[in-house]
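*Asks:*
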Amino acid sequence: MTEALEDSTLKEMDPEKETLFFQFDASTVPDDMAEVMKSIKELAENMLFHWKTFPIILPPSITEVVGEATVPQDGEKETLHKGKINFNDLFKAPTFDELDQVAMNSSGSLKKLTDKQLQDVWNHGQFEVDSINFPGQVHKWRLTRLLQKGSLTAQDSLLNDLALVLRLLIITARNRFVSHFFSVSDSFRGLGIGFTKLLDILIGVPSTTSGDLDGKIQDEHMRYLVAELDIKPHCKKDFQTFCTYVKEKCEQLQADSSKGTPIRPPPIPYSYQTPSGLDIDLRLFNKDLINNCLPILSSILDRGSRGWHVQYRQKLIRELQGKGLTNEEISKRVNASIMDEYLDRVFSAICSNTELDNLQQGIGKLLVEQAKTVIAMKKAVNNVQVKMVKHKEKLISHLKSGYRVKSRIEPWMNEQIRAFETEFVEQNLWSAHEEAISICEDEGLKQAVYFLKRDLNFLKQREAVLIKELGKVRYPKRRFTFATRIWLPQNYIVLKKIGNQQERIPTVVMNTQSPPNSSLALGEGDRVVSYTVEKSHQRVTSSRYPFWRWWNYLHRTWTWTWNAIFVLGVVIPWCSSISLRALFSIKPFIPDTTLSQNDGKLYRNSYATTQTLCSRLSRLWVNVWESRKKFEDAPDQGFLGKSLTRHINRFWNYVMKGACGTVILVLFFPVCCVVTSTASLTAAVTAPLWMPAVTLFVHISFFLVFDFDCPDESNRLFLIFEALLGRIVLQGLIQPIAALLTGGILCPLAALAVSIFGLLRRTGRGAWDTVMYFTVVKSRGRVPAKDSFVARRIAGPGLASNYYFQIQMEQALAALDSRMEQDELEAWKSHVTKVIELPKEKYSLFVEQCFKPFSADVVQEGVYKRLCAETSQYLTDLTMKVKNREKNLNTGLHPDIQRRIKLPERELKLSILNAAKMLDKFYTERVFPKLLIPEVDFWEGKGLEFRDWRGLASKKFIEVFSKTFLIPLEDTDNHFELEVNHINMERYMKMLATGDFHDDLDLVTEIHTPSGEVTVKAPQLDLHFFDPSQVILQTTRYHTPRSRSKPWKPVLKELQFDKLQIPLPIPHPVVIAVLIYNRDHDQNPIVYEDVYCQRILRATKEVPFVAMGESVSSDMCDIELSTPENTIDSEQTFCHLAQQERTFSEENMTYPFNHSPVPERRVQVVVHSMLDRSEGRGRARGKGRGAEQEKDDGQARVVYAEKEKDNSCVVNFSDFDNGDDDPAMV
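The following block contains the structure:
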């Protein structure tokens, strides 16, 4: 098709080809190379060419056809003359300046007001004048309030004044007694808070919290959903094996978690049953299985939405429009019907898909039931929300009609709406559950019905009780730790940790320096041994009980006193660098100790060596001697020579450094040591006397300045001032007096004043309007010709924004003709561009085919550069000519005018039918031959049926004008006419005259005319609907938006609209198995809350899905990993070195397998895995999956890695040998 179009284009424009000639100097290259280059030159000149001339001849256009046009002159029509069509003159906006014509009568004087206009002035203070140039339109004038306000307008002002009076009495005055802001009730609350804060400052009021109550309720919720489930008989052996393994592994990790031990979980039971015998299938909770299903589901969902919904949509619209429904109702019904049809197609495809059956038998039906359950729950929630909105709209309508004055008070309306919302939520809190259960029962979703009923029973019967009981368990908001330093190293507490066991050992202090620590100390059966030392005793208090501040004071005083005595009486005078010991000792000493990780003993810390007076003098003169020796050993190569600089060096070292340093040390160092030590010892002895006062001052500063012990996140600055001034004085004492005065006196007086003012204003306005009406308006009122301070035009042609322009059918068809030519021009331009660039493309192809094996490429030089310049020039000429043509085809419509253009119903139908005829002829002959895509793809891209010319006509009219063009112009619409300016429309008039479309008018009405406001969405379904682990909707919380910027506005809590979580929070089958085991073994259960149990379960969730065969081993199962892409023979590489380090060392991982082979029976299993997928779902490395697969020495392992570096969970699967020997296992 493209080649035929190129041939036709070449034939029409007749461009001239010319061979490309290449020049090179053969003398500059070897002879054998010159022969090759000549051959290539001949081949290139035979194959390559360029356009010597390329005339740009645009397709014929109506703008170049000479026609006849009429030119009005002096109000009369002249004879026709020849002229070209210019679409810029197609639409002429009307002139709205007609005020002089409207205001003047036949005698040239201003018209007096009619009786109807006078009546409008009396009622509304405004009047209307009919337009002359725009029939059906009126000019509306409003008089100044000095002349007339209008009786009805004055009555509305009186109602507003009465509404203000009622607001002062029933809202403002009431809120001064009972409200959250500036009220008597708020003053009592402020007094309570103030006295509580004072009491907290004095003694410490208990401050506790219930902890994560929502999390606890959620855990109980999940457990209740599966509390009745039991293991199916054929899975009990696997269940016992798995639970025994978890319990033993937890005990093993609790004994020693320092070394990674392989985790080889047995198969997980996914099938359960209820007491009534209902089977519960939870296979979709396996991440590996669901991740294998998702790509297949995505493909099915994509195919299910193609090729049918366009035709189905048109059929539905045609049927529903014949019933006289509104566009909104049609949109809802069409979208619902299309979605139902889409779901039927998709669900049928899923159930019959062989790929899903190959993964797991019956998994397709399970996926469909899961999606249907989620859809039913979302539908139930949406229905309740719609019901809420409808009832709310009815309430607002009732309030406005039944309470004409109160409905004008916004706070009162908000109170009524809030009360309705609260009552509705209370009455319909379980409606979503009940409706979802009903829908699922109709669909036959027994498993979903069971869990929905369990969920509803928990929320109705157990949630409130649990909240009350769990809320009684209180935890302190803040804990305080006070550490008292241990003075003697012999009393330090040394702890020895072996695995997870910790014990205290005798403290041994060595006088030697510590040996270097080894990086890893092994012992006690190759378990890691570590030592820690505690150099202080810690005491803990909390804000749980009363008088906790005094307890903090006593503990802080005790701790600070002993720590001060230790620092002032021991550290400074005996251990510091200015201590008495540093003054009188000969050698340096080491006062501090450090713990050795080799043997757990305390050794002297070499980094804490303290110099004495003698050692300092010794080091000083050693430094002098080394400096002199270094000077004398250096060669004499300086500027002045050593004979002179030797004396300077001696003076500097012996006098400045040695003598002066010695004098300073001998004179000042002893004094500093004696004074500092004496003062420190004195302070240490008197510490029990002054330390309580210091801590008391600190505690007083806490509530005077900043409270460091505050248990919550409230204000911590200036607590005493907040309690006394803010809460008690201002809020508790002054506020009630001011609130009583405001609510009891000021508000009633203000209401009385407003009511008197309103009545006086209404009476005065009525008298004034009556006098002015009969004395001025009625006798002297005239229709004005311009605006003034007395009368101002507020509406009319050219002023209103809700008006439309009516055009003729000929204008619409002419605009469509312009658009069709632009479409043809666009297609033609793309093809001519391709023809112009043909030499350049062939040149690039030639070079690529010949020289790509030699890594050569085209360079922008020589012949190719000239070819590119020539092609660019031709393209520039083409673009300029196309732009000139598009300029002639432009209708010049302003966007504001475009969206206002409309046609009456019959003219719109005829325009669409004639446009369809024009498009059929034009596109078939002039556009489709130039398209680069097949015609079928063109119609599919437009969202239309094949050869749906009426639909294409509607879309083209939308492009030319706007979507509102397809909505017929009603008689009640405010509209004006757009005239034609100097264009002959005879061609289109003949087309309309010769067309006979009487039988097709109704068809156009049903399909296209009202579709401008019919919104139909393409059907789609989220993949998360098939995954029960994906949280789609936690709960629905409903609230009416309120302004929060003003403190006196009530802060309203969000209403919990319903408690239906989508999907239901069903726990993972791993958790269910542990819960069932604990239910049956309450004397010796698995500690579910234990951190090691949680890690084992979390690792088990990442194991690929295992479908058990007929033979199941009673021991731990070895699982052979097998996927279509990754077999057990393929080597799995890590994506990052850190992941290799986070697994365990190869020695630790493989040690048990190399030394203790244990025979076992072979197990027939199938593992479905997608560990090689690059996306987040189903990955065996990275964040998406916690498992990593690698092969080493015949062992295939899946290693569970967490973000935190926890090496306690390693999932290890041993693959089978091909021989007769049984695999080894631990």
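The numbering used here applies: residue 589 is where the sequence shown begins, and numbers increase by one.
Cβ coordinates follow ideal geometry from the N, Cα and C atoms, glycine included.
Quantities reported herein were computed from a predicted structural model and do not represent experimental measurements.
(1) Does DSSP put THR862 in a helix, a strand or coil?
(2) Output the distance between the C-alpha atoms of GLU907 and VAL922, rounded to the nearest integer angstrom.
(3) I need the straight-line Cα distance from LEU1083 to THR1129, nearest angstrom please.
(4) Give every residue of the same chain whose Cβ lies closer than 8 Å to the Cβ of MET625, excluding the five residues on either side of it in the sequence, and list them in chain order.
(5) For GLY1331, is the classification buried or exposed, using 16 other Cβ atoms within 10 angstroms of its Cβ as the cut-off for buried?
(6) Output the distance between the C-alpha atoms of ILE1322 and ALA1071, rounded to the nearest integer angstrom.
(7) Note down, in chain order, each residue of its chain lying with its Cβ closer than 8 Å to the Cβ of VAL1675, except the 5 sequence neighbours on either side.
(8) Cα separation between TYR1195 and SER1173?
(9) Does the beta carbon of PHE1516 come closer than 9 Å to any beta carbon on chain B?
(10) Within 10 angstroms of its Cβ, does LEU731 collect 16 or more other Cβ (buried), or is it exposed?
(11) Exposed or buried, what is VAL1833 when buried is set at 16 or more other beta-carbons lying within 10 Å of its beta-carbon?
(12) Could you say which of GLU716, PHE609, LEU750, GLY792 lies nearest to PRO1817 if we only look at CA atoms?
(13) Taking only three categories from DSSP, how would you classify SER1165?
(14) Evaluate contact between the stretch 1245–1252 and the stretch 1278–1295, counting only Cβ atoms and requiring at least three cross-stretch pairs below 8 Å.
(15) With distance defined between alpha-carbon atoms, name the residue in TRP1209, ARG1169, LEU1307 nearest to THR1264.
(16) Hey, would you say LYS1518 sits closer than 9 Å to VAL1470, going by beta carbons?
(17) Please classify SER1130: does DSSP put it in a helix, a strand, or coil?
(18) On the DSSP bridge assignment, give the partners of SER1118 in chain order.
(19) Could you pull the start and end residues of the beta strand (DSSP E) that MET1098 belongs to?
(20) Could you check where the beta strand (DSSP E) with GLN714 kicks off and where it finishes?
(21) Bridge partners for MET692 per DSSP, in chain order?
(22) If you check the beta carbons only, do CYS1456 and LYS1490 fall under 9 Å apart?
(23) Let me check one thing: in DSSP terms, what residues is ARG1192 bridge-paired to?
(24) Taking MET1468 as the reference, which of GLU686, SER1302, LEU1413 has the closest Cα?
(25) Give the DSSP bridge partners of ALA1071, in chain order.
(26) Identify which residue in ILE851, ILE856, GLN736 has its Cα closest to the Cα of CYS823.
(27) Within 10 angstroms of the Cβ of THR784, are there 16 or more other Cβ atoms? Answer buried if so, exposed if not.
(28) Hey, would you say SER1124 sits closer than 9 Å to ILE1074, going by beta carbons?
(29) Suppose contacts are defined by Cβ-Cβ distances below 9 Å. Is VAL690 in contact with GLN705 by that definition?
(30) Roughly how many angstroms lie between the CA atoms of ASN1002 and ALA1661, to the nearest whole one?
(31) Let's test the definition: count the other Cβ atoms within 10 Å of the Cβ of GLU606 and tell me whether it reaches 16, buried, or not, exposed.
(32) At a cut of 8 Å, does the stretch 1021–1039 reach the stretch 957–976 through at least three beta carbon pairs?
(33) When you compare the stretch 1611–1622 with the stretch 1010–1017, are there three or more beta-carbon pairs, one atom per stretch, that lie closer than 8 Å?
(34) Sort out for me which residues DSSP pairs TRP1213 with in a bridge.
(35) To the nearest angstrom, how far is it from the Cα of THR667 to the Cα of PRO1607?
(36) Would you kindly check if the distance between the Cβ of GLN714 and the Cβ of MET1360 is under 9 Å?
*Replies:* A quick look at the data gives this:
(1) On the sequence shown, residue 862 is found 274 positions in, with the first residue counted as 1. Of the three classes helix, strand and coil, the one that applies to THR862 here is coil, per DSSP.
(2) Sequence index remark: in the sequence shown, residue 907 carries index 319 (1-based). Sequence index remark: in the sequence shown, residue 922 carries index 334 (1-based). Looking at the two C-alpha atoms, the distance is approximately 10 Å.
(3) For this step, residue 1083 is matched to residue 495 along the sequence shown. For this step, residue 1129 is matched to residue 541 along the sequence shown. Taking the straight line from one Cα to the other gives about 24 Å.
(4) On the sequence shown, position 37 is the one that residue 625 refers to. If we look at MET625 and ignore the five residues flanking it on each side, its Cβ neighbours are PHE612, ALA614, VAL617.
(5) Here the question's residue 1331 lines up with position 743 in the sequence shown. With 16 or more Cβ atoms within 10 Å of its Cβ, GLY1331 is classed as buried.
(6) As a first step, residue 1322 must be located in the sequence shown, where it is residue number 734. As a first step, residue 1071 must be located in the sequence shown, where it is residue number 483. Each residue's alpha carbon lies about 46 Å from the other.
(7) Working through the sequence shown from its first residue, we reach residue 1675 at position 1087. These residues qualify, in order along the chain: CYS838, CYS1681.
(8) The residue given as residue 1195 occupies position 607 in the sequence shown. The residue given as residue 1173 occupies position 585 in the sequence shown. C-alpha separation (whole angstroms): 19 Å.
(9) Given the protein chain composition of this structure (a single chain), no chain B is represented.
(10) Residue 731 sits at position 143 when you count from the first residue of the sequence shown. Counting Cβ neighbours within 10 Å, LEU731 comes out buried, since at least 16 surround it.
(11) The requested residue 1833 is not part of the displayed model; the chain covers only 589 to 1814.
(12) Because the chain is modelled from 589 through 1814, residue 1817 falls outside the range shown and cannot be assessed.
(13) Sequence index remark: in the sequence shown, residue 1165 carries index 577 (1-based). Correct three-state label for SER1165: coil.
(14) no
(15) Taking the first residue of the sequence shown as position 1, residue 1264 is located at position 676. The shortest Cα separation from THR1264 among TRP1209, ARG1169, LEU1307 belongs to ARG1169.
(16) Counting from 1 along the sequence shown, the entry for residue 1518 is found at position 930. Counting from 1 along the sequence shown, the entry for residue 1470 is found at position 882. Going by C-beta atoms, LYS1518 is not nearer than 9 Å to VAL1470.
(17) Position 542 of the sequence shown, counted from the start, is the residue given in the question as residue 1130. It is a strand residue.
(18) Within the sequence shown, the letter at position 530 stands for residue 1118. LYS1085.
(19) Here residue 1098 corresponds to residue number 510 of the sequence shown, with the count starting at 1. Taken as a continuous stretch (DSSP letters only), the beta strand (DSSP E) holding MET1098 covers 1097–1101.
(20) For the purposes of this step, residue 714 is identified with residue 126 of the sequence shown, where counting begins at 1. Counting along the chain, the beta strand (DSSP E) containing GLN714 begins and ends at 714–718.
(21) Taking the sequence shown and counting its residues from 1, the one referred to as residue 692 is at position 104. Paired residues: LEU698.
(22) Start at 1 with the first residue of the sequence shown, and residue 1456 comes out as number 868. Start at 1 with the first residue of the sequence shown, and residue 1490 comes out as number 902. Contact flag unset, no.
(23) One-based indexing of the sequence shown puts residue 1192 at position 604. GLN1101, THR1181.
(24) As a first step, residue 1468 must be located in the sequence shown, where it is residue number 880. Ranking GLU686, SER1302, LEU1413 by Cα distance to MET1468 puts LEU1413 first.
(25) Translated into the one-based positions of the sequence shown, residue 1071 becomes position 483. Answer is GLN1126, bridged to ALA1071.
(26) To locate residue 823, count along the sequence shown from 1; it is residue 235. CYS823 has its Cα closest to that of ILE856, out of ILE851, ILE856, GLN736.
(27) On the sequence shown, residue 784 is found 196 positions in, with the first residue counted as 1. Per the 10 Å Cβ criterion, exposed.
(28) Translated into positions along the sequence shown, residue 1124 becomes position 536. Translated into positions along the sequence shown, residue 1074 becomes position 486. Contact: yes.
(29) Within the sequence shown, residue 690 is the residue found at index 102, counting from 1. Within the sequence shown, residue 705 is the residue found at index 117, counting from 1. Contact: no.
(30) Reading the sequence shown from its first residue, position 414 is the one you call residue 1002. Reading the sequence shown from its first residue, position 1073 is the one you call residue 1661. Looking at the two C-alpha atoms, the distance is approximately 51 Å.
(31) Counting from one through the sequence shown, the residue named residue 606 turns up at place 18. Exposed: under 16 other Cβ atoms inside 10 Å.
(32) yes
(33) no
(34) For the purposes of this step, residue 1213 is taken as the residue at position 625 of the sequence shown. TRP1213 pairs with nothing; no bridge assigned.
(35) Locating residue 667 in the sequence shown gives position 79, where the first residue counts as 1. Locating residue 1607 in the sequence shown gives position 1019, where the first residue counts as 1. Low local confidence applies: a pLDDT of 38 at THR667 is under 50, so the model's placement there is unreliable, with the coordinate-based value given in what follows. When rounded, the distance between both Cα atoms is 60 Å.
(36) Residue 1360 sits at position 772 when you count from the first residue of the sequence shown. Residue 714 sits at position 126 when you count from the first residue of the sequence shown. Contact: no.
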